[in-house]
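Heads up, the thing below is written out as structure tokens.
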Amino acid sequence: MESKQYKSFTLHNYGDIPQLSALTREEREAVGIAGRILPFKTNNYVAEELIDWSNVPNDPIFTLTFPREEMLSKSHYAQVKKLVEANDEAGLKQKVREIRMKLNPNPAGQEHNVPTVDGVKLHGMQHKYRETLLFFPSQGQTCHAYCTFCFRWPQFSGMNELKFAMKEADHLHRYLLKHPKVSDVLFTGGDPLTANAGTMSAYIEPLLTKEFSHIRNIRMGSKTLAYWPYRFLTDRDADDMLRLFEKVKKAGKHLAFQAHFNHPVELTTGAVKRAIERILNTGAQIRTQSPLLRHINDDPKLWAGMWTEQVRQGLIPYYMFVARDTGSKAFFEVPLEKAWNIFRRAYRSVSGICRTVRGPSMSAAPGKIQILGVTEVNGEKVFVLRFLQCRNSTLTDIPFFARYDRKATWFDDLIPAFGEKEFFFQKDNLLGKHGTDGDFIWE
Ligand SMILES: *Cc1c(COP(=O)(O)O)cnc(C)c1O
Ligand code: SF4
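First residue of the sequence shown? That's 380 in our numbering, and the numbers climb one at a time after it.
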């Protein structure tokens, strides 16, 4: 099998990327300026096999991993540029911090979902929906390349106080033993598959014992198939990682690989196709998800083609997300009505076998909210919404209404329809009793 040695590029060495000569001097400079604020890291697979350099800077994968001037506001960009040019490192550090804090670095109150065990806060976990515990292995708090839209960017940008990471598997296992209603553990990051196979085994193998019979699904949220498929082919511990997947299956559990694919080109290389095959051969299943992003994938034909190709390769389309309200959102955002139109046009043009996908979905503080559509009730134009997931699971799947707003791009922009003061879930403290400060009542 053809192999590739991983080589990453960041602010410090991106000038070494040979293909970069396709950019103008201004565009190259912009990477170094916007890249002070936004996450920036790419690698030789992305540069050599995914980006079409004859199409930069508008190439979708270039836009996905290289910061561009337009991703920051004019004034933020100018302020950073001035300090970079003046070589004022101290002033720059201060300014970068200040600007990042203005970009909503921790959207949707994620800090509220931190659980506790024996009175100790477990910062490497989030427990928001009863059946699924998110776990952030500290060794997986990076990715093989960074997405310029990423809401996890504080984790990669040295803002350590926001880093949800923990060292020990011990806390994870103790927490799960106390919470028999949790059936799924979702390893996430960053990208948990940047951790080595040995580390992942230490977390996962204990979960395969009788004590943890309530854990049925081991899930991994990962962008590695798109950014570094050689991780499953020729990296030193590629085979060990696949053997771990096999062990999960042999223990009678489901290994659900949740792959992030943002664009169909990510499914086209020989390396990704072989990596998918090897993962499926372990008995794992691969579900796919992506946010909807202007400049990258805001086109129904593209989504229809992407889902169709995914199914052809044995993957299961799972979620289309609305981009979160953080970081470079202004550059990537799509109004909610347009998001729904893109979704339904794509959805109606594929066969039922691709329609396992759900969306467009907003991961907001109360839960995952799907936009079911725009319609009119009693002469008022409204958005019809429902919870796909809710902090209070009894509210899942109940339709509710928001006043139509042409410009709205996120749930926080919406207000209840029909002149009501609150959404139904805001009444009677329906969410509050589940605690917002880690005092979860999940059992
Ligand atoms: C999306 C998400 C999950 C998983 O939800 P599923 O619908 O089961 O895929 C779990 N926890 C959090 C915090 C999430 O955002
Ligand atoms: S791979 Fe996922 S976690 Fe990593 S930068 Fe991209 S969106 Fe963020």
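Here a beta-carbon is modelled for each residue, glycine too, at the ideal position from N, C-alpha and C. Treat the numbers as computed from the prediction; the structure is a model and nothing was measured.
To the nearest angstrom, report how far apart Y554 and K632 are at their CA atoms. 19 Å
With DSSP as the reference, identify every bridge partner of L565, one or two as the case may be. L513, R598
Determine the DSSP secondary structure at V425, reduced to helix, strand or coil. Helix, per DSSP.
Are there any heavy atoms of ligand 2 lying less than 7 Å away from the beta-carbon of R531, as far as the coordinates show? yes
Does the distance from the CB of F640 to the CB of A605 come in under 8 Å? yes
Using only the heavy atoms of ligand 1, determine whether one of them is closer than 7 Å to the beta carbon of L767. yes
I'd like to confirm the pairing. Which residues does DSSP put opposite Q505 in its beta bridges? Its beta-bridge partners are L513.
Backbone secondary structure at D619 - three-state DSSP: Of the three classes helix, strand and coil, the one that applies to D619 here is helix, per DSSP.
Three-state secondary structure (DSSP) of R737: strand
Which of the three DSSP states, helix, strand or coil, is assigned to F591? helix
Cβ shell of G577 (< 8 Å), same chain only, five flanking positions each side left out: D616, D619
Compute the beta-carbon to beta-carbon distance between Y385 and Y609, rounded to the nearest angstrom, for a pair I have assumed lies under 8 Å. 7 Å
List, from N- to C-terminal side, the alpha helix (DSSP H) runs of 4 residues or more that fit wholly inside the segment 429-465. Listed in chain order, they are 439-444, 453-464.
Option in K472, P486, F528, G568 with minimal Cα separation from L417: Cα-wise, what sits closest to L417 is F528.
First through last residue of the beta strand (DSSP E) which encompasses K747: In this chain, the beta strand (DSSP E) harbouring K747 covers 746-756.
Could you check if Y508 belongs to the surroundings of ligand 1, using beta carbon to heavy atom distance under 7 Å? yes
Taking DSSP as the reference, what is the three-state secondary structure of K632? coil
Span separating the alpha-carbon of R734 from that of V690: 10 Å
Can you tell me the Cα-Cα spacing of P559 and H552, whole angstroms? 11 Å
Which first and last residues belong to the beta strand (DSSP E) in which S669 is found? 664-671
By how many angstroms is the C-alpha of K589 removed from the C-alpha of W789? 43 Å
Ignore the nearest five residues each way along the sequence and tell me which others in T442's own chain have a CB closer than 8 Å to its CB. Answer for T442: P436, T527, H674, I675, listed in chain order.
D570 beta carbon near ligand 2 (any heavy atom closer than 7 Å): yes
Can you say whether Q749 is buried or exposed, counting buried as having 16 or more other CB atoms within 10 angstroms of its CB? Per the 10 Å Cβ criterion, buried.
Please report how far the alpha carbon of I695 lies from the alpha carbon of K507, in whole angstroms. Approximately 24 Å, taken between the alpha carbons.
How about I665 and F611: do their beta carbons lie closer than 8 Å? no
How would you call S592, buried or exposed, if buried means at least 16 neighbouring beta carbons within 10 angstroms? exposed
I need the boundaries of the beta strand (DSSP E) containing Q689, first residue and last residue. Run containing Q689: none in the beta strand (DSSP E); it sits in the alpha helix (DSSP H), 679-691.
With a threshold of 6 Å on Cβ separation, who are the neighbours of P679 within its own chain once the five nearest residues in sequence on each side are excluded? Short of 6 Å from the beta carbon of P679, and not among the five residues preceding or following it, lie these beta carbons of its own chain, in chain order: I721, R724, A725.
Name the residue from R598, M579, E759 whose alpha carbon lies nearest to the alpha carbon of A638. R598
Pick from K628, L672, S382, A663: whose alpha carbon is nearest that of H642? L672
Nearest-angstrom Cβ-Cβ length linking L399 and Y393, presumed shorter than 8 Å: Going by Cβ atoms, the distance from L399 to Y393 rounds to 7 Å, so yes, they are a contact pair.
Please report the Cβ distance between V763 and L751, rounded to the nearest whole angstrom; I am assuming they are in contact, meaning their Cβ atoms lie under 8 Å. For V763 against L751, the beta-carbon gap comes to about 4 Å, under 8 Å, which counts as contact.
Go to A781, then tell me how far its beta strand (DSSP E) extends in each direction, as first and last residue. 778-782
Could you name the residues of the same chain whose beta carbon sits closer than 6 Å to that of F803, not counting the 5 residues immediately before and after it, in chain order? F779
Is L810 near ligand 1, in the sense that its beta carbon is under 7 Å from a heavy atom of that ligand? no
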